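*Asks:* Taking the numbering used here, the leading residue of the sequence shown gets 121, the next gets one more, and so forth. The structure that follows is given in the form of structure tokens.
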Amino acid sequence: MLSRNSYSMPTSLSFEFYGGPSLVSWLALVMLARATFFLLVLLHILVQVQGQYELCKSLLKTDEGSVWEQHACQPKNQSMKEYMRIRVEPPGITCGNPPERFCTLENPYLCSDECDASNPDLAHPPQLMQDRERGGLVTYWQTQTWRRYPEPLLANITLSWNKSLELTDDIEITFEYGRPTAMALEKSLDYGHTWQPYQFYADDCPEVFGMVPQRARDLTPSNATRVICTELYSRWVGAKGDKVVRFETRTRFTTFAGHRLRDMDSLWARFENNKGLRDFFTFTDLRLRLLKPALGGTYVQRDNLLKYFYAISNIEVPARCKCNLHASRCVLEDGICSVCASTTPRARTASAAKRASKPKSGNQDRTCQLLSAHLTHVHRPVLPLGPTVSVMATLTAAVISTT
Ligand SMILES: *[C@@H]1O[C@H](CO)[C@@H](O)[C@H](O)[C@H]1NC(C)=O
Ligand SMILES: *[C@@H]1O[C@H](CO)[C@@H](O)[C@H](O)[C@H]1NC(C)=O
Ligand SMILES: *[C@@H]1O[C@H](CO)[C@@H](O)[C@H](O)[C@H]1NC(C)=O
Ligand SMILES: *[C@@H]1O[C@H](CO)[C@@H](O)[C@H](O)[C@H]1NC(C)=O
């Protein structure tokens, strides 16, 4: 208490008690010092912003004319489904060899449909998970039926890109004829050498996976990268409309970027400084482990096993080439990016460009490499850009008003 009192006496007060002229000059001095201080802070922040991540600008046309909009440098997001390689296991799991009949969950006596691998009109090969549905005709991959019950009906679908990608939106898997009762989504960061769980899906998480059921929307910034088990997409509700199973990328983003992802800068700043967070949304491969098909009820009807199978019509993977927020363009090769290219012309020396265009032999890291030489990655403190810009604006205003 005492010491605080003695310090709280402003030294400037003692000056004000003395003569007029010295007060004016002192005030001028204080203002100058303050302006210098603000300028220094401004400079410091500018340097930090520069170090955060590369800023790209694009010309934005508005009613009042054109303005430059600044944003994090990265390739645009796109649907990656047409670039993925699909492998289905076990090899004979796809239906139609030999031809077989299947029924529907809604009406188990409606068993007219046939799957025949040798007839293009009746075949359901894996490619139908990634094709574009034309003219409203839904095509899908389909497995054999659960004739071997009670032996589990298992299938793995491995999706490979041979490239580091970064999720930008929800993964959406569309199931025809019911969503699985149990399923796991896994991912690999190293071209399929090692795998880790991404999300678990079950109608009963404790029973199937021994996990407490959770929802992505209950995640917070401190646990946004938690691997959860969700019951949201596995419960049978009888409605044919519920076909989609999601991995909720967007919901996890909103824990950092706010409602409707208004503050994406804050997310990019966190990405830049938190490798764990960045890696969470990064993958080279995804794997779906289908563990139990839709039952259309609570138990399996042994006398009608032809209505149990998996059928997937679409797998949507919205992502972008991983360029570590330092390039805005990807050079596409065979449809998938091979090199990240900076579109900002600054400081790209000829030697750096030459080096970048010739990848080192034996280099296993196929993450897009930065072309500019000076932008090597160093560890930097967290500083969300959004607030920074507004702080900068305030500081600029303060400097202008003081000087
Ligand atoms: C799916 O992949 C896992 C992990 O490699 C493996 O243990 C399992 O046997 C596979 N399942 C099938 C049906 O091939
Ligand atoms: C994966 O990419 C590497 C480097 O770009 C290439 O050498 C290799 O052939 C590719 N592998 C496959 C299976 O496409
Ligand atoms: C993906 O791109 C579209 C426009 O191309 C944009 O509206 C959307 O916000 C982007 N998504 C993310 C997560 O950046
Ligand atoms: C994440 O944290 C929030 C708040 O602490 C909590 O309510 C939620 O259950 C947590 N989720 C997981 C999956 O741990």
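Cβ atoms here follow ideal geometry from the backbone N, Cα and C, with glycine treated the same way. Quick caveat: nothing in here was measured; it's all calculated off a predicted structure.
Suppose you measure from the CA of Leu287 to the CA of Tyr430; what does that come to, to the nearest Å?
*Replies:* Here residue 287 refers to the residue found at position 167 when the sequence shown is read from its first residue. Here residue 430 refers to the residue found at position 310 when the sequence shown is read from its first residue. Approximately 25 Å, taken between the alpha carbons.
*Asks:* State the beta-bridge partners of Ala322 as determined by DSSP.
*Replies:* Here the question's residue 322 lines up with position 202 in the sequence shown. In the DSSP output, where bridge partners are listed per residue, Ala322 has Ala302.
*Asks:* What is the DSSP secondary structure of Leu257, counted as helix, strand or coil?
*Replies:* Indexing the sequence shown from 1 puts residue 257 at position 137. Three-state DSSP puts Leu257 in coil, outside helix and strand.
*Asks:* Alpha carbons only, please: which of Arg372, Arg355, Leu406 and Glu368 is nearest the one belonging to Tyr419?
*Replies:* Here residue 419 corresponds to residue number 299 of the sequence shown, with the count starting at 1. Ranking the options by Cα distance to Tyr419, first place goes to Arg355.
*Asks:* Work out the CA separation of Phe376 and Arg382 for me, nearest whole Å.
*Replies:* In the sequence shown, residue 382 corresponds to position 262, counting from 1. In the sequence shown, residue 376 corresponds to position 256, counting from 1. Arg382 and Phe376: Cα-Cα distance of roughly 10 Å.
*Asks:* Per DSSP, Leu410 is paired with what?
*Replies:* For the purposes of this step, residue 410 is taken as residue 290 along the sequence shown, with counting starting at 1. Leu410 is bridged to Ala275 and Met303.
*Asks:* Three or more beta-carbon pairs under 8 Å between the segment 258-270 and the segment 208-215, yes or no?
*Replies:* Short answer: they touch.
*Asks:* Do you know how far the Cα of Leu305 is from the Cα of Gly256?
*Replies:* Along the sequence shown, one-based indexing puts residue 256 at 136. Along the sequence shown, one-based indexing puts residue 305 at 185. Roughly 28 Å separates the two Cα atoms.
*Asks:* State the Cα-Cα distance for the pair Ala302 and Tyr321, rounded to the nearest angstrom.
*Replies:* Walking along the sequence shown from the start, residue 302 turns up at place 182. Walking along the sequence shown from the start, residue 321 turns up at place 201. Distance between the alpha carbons of Ala302 and Tyr321: 6 Å.
*Asks:* Using DSSP with H/G/I as helix, E/B as strand and the rest coil, what is Gln194?
*Replies:* Here residue 194 is taken as the residue at index 74 of the sequence shown, counted from 1. It is coil, neither helix nor strand.
*Asks:* In whole angstroms, what separates the C-alpha of Phe81 from that of Leu387?
*Replies:* Nothing about residue 81 can be read from this structure; the chain reaches only from 121 to 523.
*Asks:* Is it buried or exposed, Asp423, if we count other Cβ atoms within 10 angstroms and call 16 or more buried?
*Replies:* Within the sequence shown, the letter at position 303 stands for residue 423. Exposed is the call here.
*Asks:* What three-state label does DSSP hand Gln247 in the structure shown?
*Replies:* Numbered from its first residue, the sequence shown carries residue 247 at position 127. Gln247: helix per DSSP, three-state reduction.
*Asks:* For ligand 1, list every residue whose C-beta falls under 6 Å from any of its heavy atoms, going in chain order.
*Replies:* With the cut-off at 6 Å, the residues found are Glu209, Pro210, Leu274, Ala275, Asn276 and Arg409.
*Asks:* Go ahead and pull the three-state DSSP assignment for Ile213.
*Replies:* For the purposes of this step, residue 213 is identified with residue 93 of the sequence shown, where counting begins at 1. Of the three classes helix, strand and coil, the one that applies to Ile213 here is helix, per DSSP.
*Asks:* Is any heavy atom in ligand 4 found nearer than 6 Å to the beta carbon of Gln334?
*Replies:* By one-based count along the sequence shown, residue 334 stands at place 214. Within the cutoff, so yes.
*Asks:* Looking only at its chain, what residues have a beta carbon closer than 6 Å to the beta carbon of Ser280, apart from the 5 residues adjacent to it on each side?
*Replies:* By one-based count along the sequence shown, residue 280 stands at place 160. Here the set comprises Arg205 and Asp405.
*Asks:* Which first and last residues belong to the alpha helix (DSSP H) in which Ser110 is found?
*Replies:* Residue 110 falls outside the range modelled here, since the chain spans only 121 to 523, and no answer is possible.
*Asks:* Taking only heavy atoms of ligand 4 into account, decide whether any of them is closer than 6 Å to the Cβ of Arg346.
*Replies:* Taking the sequence shown and counting its residues from 1, one reaches residue 346 at position 226. True, at least one ligand heavy atom lies under 6 Å from that Cβ.
*Asks:* By DSSP's criteria, Ser280 is part of a beta bridge. Which residues make up the other side?
*Replies:* Here residue 280 refers to the residue found at position 160 of the sequence shown. DSSP output for Ser280 lists Arg205 and Asp405 as bridge partner(s).
*Asks:* Who are the Cβ neighbours of Ala414 in its own chain at under 8 Å, not counting the five residues just before and after it?
*Replies:* Taking the first residue of the sequence shown as position 1, residue 414 is located at position 294. Excluding sequence neighbours, Ala414 sits near Leu225, Phe295, Tyr297, Gly298, Arg299, Pro300, Thr301, Trp356 and Tyr428.
*Asks:* Does Tyr269 pass the burial test, meaning 16 or more other C-beta atoms within 10 Å, or should it be called exposed?
*Replies:* Locating residue 269 in the sequence shown gives position 149, where the first residue counts as 1. With fewer than 16 Cβ atoms within 10 Å of its Cβ, Tyr269 is classed as exposed.
*Asks:* Can you give the Cα-Cα distance for His379 and Cys325, rounded to whole angstroms?
*Replies:* Here residue 379 refers to the residue found at position 259 of the sequence shown. Here residue 325 refers to the residue found at position 205 of the sequence shown. Their Cα atoms are separated by approximately 28 Å.
*Asks:* Give me the Cα-Cα distance between Leu274 and Glu184, rounded to the nearest whole angstrom.
*Replies:* Locating residue 274 in the sequence shown gives position 154, where the first residue counts as 1. Locating residue 184 in the sequence shown gives position 64, where the first residue counts as 1. The alpha-carbon atoms of Leu274 and Glu184 are separated by roughly 59 Å.
*Asks:* Comparing alpha-carbon positions, which option in Ser199, Asp399 and His244 lies nearest Pro219?
*Replies:* Counted from its first residue, the sequence shown places residue 219 at position 99. Closest option to Pro219, Cα to Cα, is His244.
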